[in-house]
Structures are given as C-alpha cells and as structure tokens.
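Scroll down for the structure; my scribbles are underneath it.
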C-alpha cells in the first residue's frame, strides 16, 4: 500500500496541537516561539548533562505540552534543548511541533545498536542515509527515495568532530519500528550490505527534514552491540556515560558557532 498523499496537509496541525495544551493555561501564542536551532536527545541522562553544561532553563510556556523543553544561551544566542520519546512516530510528532514554532536546524543526538564487529560500544556513528523499515517516513517521502541528512549540517558536523579528534564512522543505518524483531537473519543481511547500526527514528526524521525543508542531522552513540547471534547491552556502561559527556561538550561548542549564522 502507498501511504503517501502529496495533495494536501494533514487536518491535525502541529501548531494547533501545541496551543491546545498551552493556551488554556494562560500562555500567549507568541510566547511559544522558539529559537531556530535545537539539540534533541533520546535520553534523560544526556539531556540533563546538556542542560547543566549550558545553564539551561525550562521553557515554561511549553510546560503543558513538553515539560522537557529547555532554552540555553550558547554562543551569541538561544538554542532549544529537549528530549524525544523513542520510536519514529513520537519523534516525528516532536520534530513537527518544534518546526511549527520556529526551529529550522535540528541536531539529533541519540543511540544505536552496532551490527558490525568493528564498531564498538561508545563509538560515534554519523548516518549518511537510513534503510527505511519504519512506517512514518512513507507518509512524507515516496518509498523509492532515500532518507538523508542535511548535506551542509552533515559536512559541518563531521568536520567539527575531526577537528576535535573524535573518531566517527559515517555510513548507513537501519531504522526499524520493531525493537523485538531484530532477528539474526536480518542483522546478517544488513551487515553484509555495509549497514553500521540499527536505530528506531532516523529515517523518519530525515524524511521530515526533507519535506519541511529544514536542516536535520544526527549523531548516534553505540549503546549496544549485536555479534555472533548475541546482544550485548551497554546502556549503563561507564564508557558510554563518559562518551556522552564528551560528545555533549563538542555538540554544544559546534552549535554555538551556528547560532546567528
């Protein structure tokens, strides 16, 4: 089935949804406006670290809709810091709502499961494109089109990492809706095609960026590994926690240079 309708916008609008949850609490619509750049994480631990590093403050007008949305002064201006739920549908809802109130460059800093033996825990993956095994992207882009990051942001982020001495592996990722259906056969299939890792959001986020003509880029940290039919989780490993802190500092520094540009 072809899910894509190219002839019109959805009846439910992101801007109206946010207003529904905020305006009744005495919030003015103009107070919901957001800075143009956002860093979006997928974990509370990383969000808390970013907020501490940048002295962020909760964006009170958004509390009724998103209590995890903060504003931080970085460089010469403000940026958004927030946390996305897991999974493509929820992540896209968040992205659409950020875009509706002024965000036009978004850096997603998330997690992935490595499916290549040489890509280990805590390593940085920069998705160049995503294999589409989730449903949300097909409501934005035709099935034949690849989902890719914003070229300018991707190049700038990759250069920043190189200049800071951060090893990053650039390549395709596999985005799936089915956390508990990442089978050994499928992992072997994608490993053979050179796919670096599996995630649950990236293809859909790239699709929204393309359709809404905003810049979307992603950096993923390897949080777990698949090898020889076994799954090795590292979500609470000190190595990953340390890497989160290091990468957060680099991302804040990089985004600070984007503010006002």
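In the numbering used here, the protein residues as written are 6 to 266.
From the three backbone atoms N, C-alpha and C, an ideal C-beta is built for every residue, glycine too.
Query, Result
"Closest by CA to residue 97, which one among 241, 216, 231 and 32?", "216"
"For residue 270 and residue 142, I'd like the C-alpha separation in whole angstroms.", "Examination of residue 270 is not possible in this model, given that the chain is present from 6 through 266 alone."
"Beta carbon of residue 209, beta carbon of residue 180: below 9 angstroms?", "yes"
"How do the stretch 194-208 and the stretch 107-125 stand: do at least 3 beta-carbon pairs fall below 8 angstroms, yes or no?", "yes"
"Going straight from the alpha carbon of residue 238 to that of residue 169, what length do you get?", "27 angstroms"
"Sort out for me which residues DSSP pairs residue 135 with in a bridge.", "152 and 178"
"What did DSSP end up calling residue 32 once you bin it into helix, strand or coil?", "coil"
"Rounded to a whole number of angstroms, what is the C-alpha to C-alpha distance between residue 145 and residue 212?", "6 angstroms"
"Only counting runs of 3 or more residues, tell me where the beta strand (DSSP E) segments fall wholly within the stretch 16-90, in order along the chain.", "42-46, 75-79 and 82-88"
"In three-state terms, what does DSSP make of residue 113?", "strand"
"Opposite residue 237 in the DSSP bridges: which residues?", "230"
"Taking Cβ positions, are residue 263 and residue 249 nearer each other than 9 angstroms?", "no"
"Using a threshold of 9 angstroms, state whether the C-beta atoms of residue 63 and residue 88 are closer than that.", "no"
"Bridge partners for residue 97 per DSSP, in chain order?", "None; residue 97 has no bridge partner."
"For residue 80, I'd like the list of residues in its chain whose CB is within less than 8 angstroms of its CB, leaving aside the five on either flank, ordered along the chain.", "260, 261, 262, 263, 264 and 265"
"For the pair the stretch 64-74 and the stretch 17-34, tell me if three or more CB-CB distances fall below 8 angstroms.", "yes"
"If you draw a straight line from the alpha carbon of residue 116 to that of residue 202, how long is it in whole angstroms?", "10 angstroms"
"Determine the contact status of residue 39 and residue 114, defining contact as a CB-CB distance below 9 angstroms.", "no"
"Which residue from 57, 135 and 46 puts its Cα closest to that of residue 90?", "46"
"Pick helix, strand or coil for residue 204, following the three-state DSSP scheme.", "strand"
"With DSSP as the reference, label residue 6 as helix, strand or coil.", "Note that residue 6 scores a pLDDT of 47, beneath 50, so its modelled location is shaky and nothing firm can be said."
"Tell me whether the beta-carbon of residue 255 lies closer than 9 angstroms to the beta-carbon of residue 166.", "yes"
"With 16 as the cutoff for other CB atoms within 10 Å, does residue 43 come out buried or exposed?", "buried"
"Rounded to the nearest angstrom, how far is the Cβ of residue 99 from that of residue 85, given a contact under 8 angstroms?", "Not really, about 11 angstroms apart at Cβ, beyond 8 angstroms."
"What three-state label does DSSP hand residue 265 in the structure shown?", "coil"
"Out of curiosity, what's the CA-to-CA distance linking residue 133 and residue 36?", "36 angstroms"
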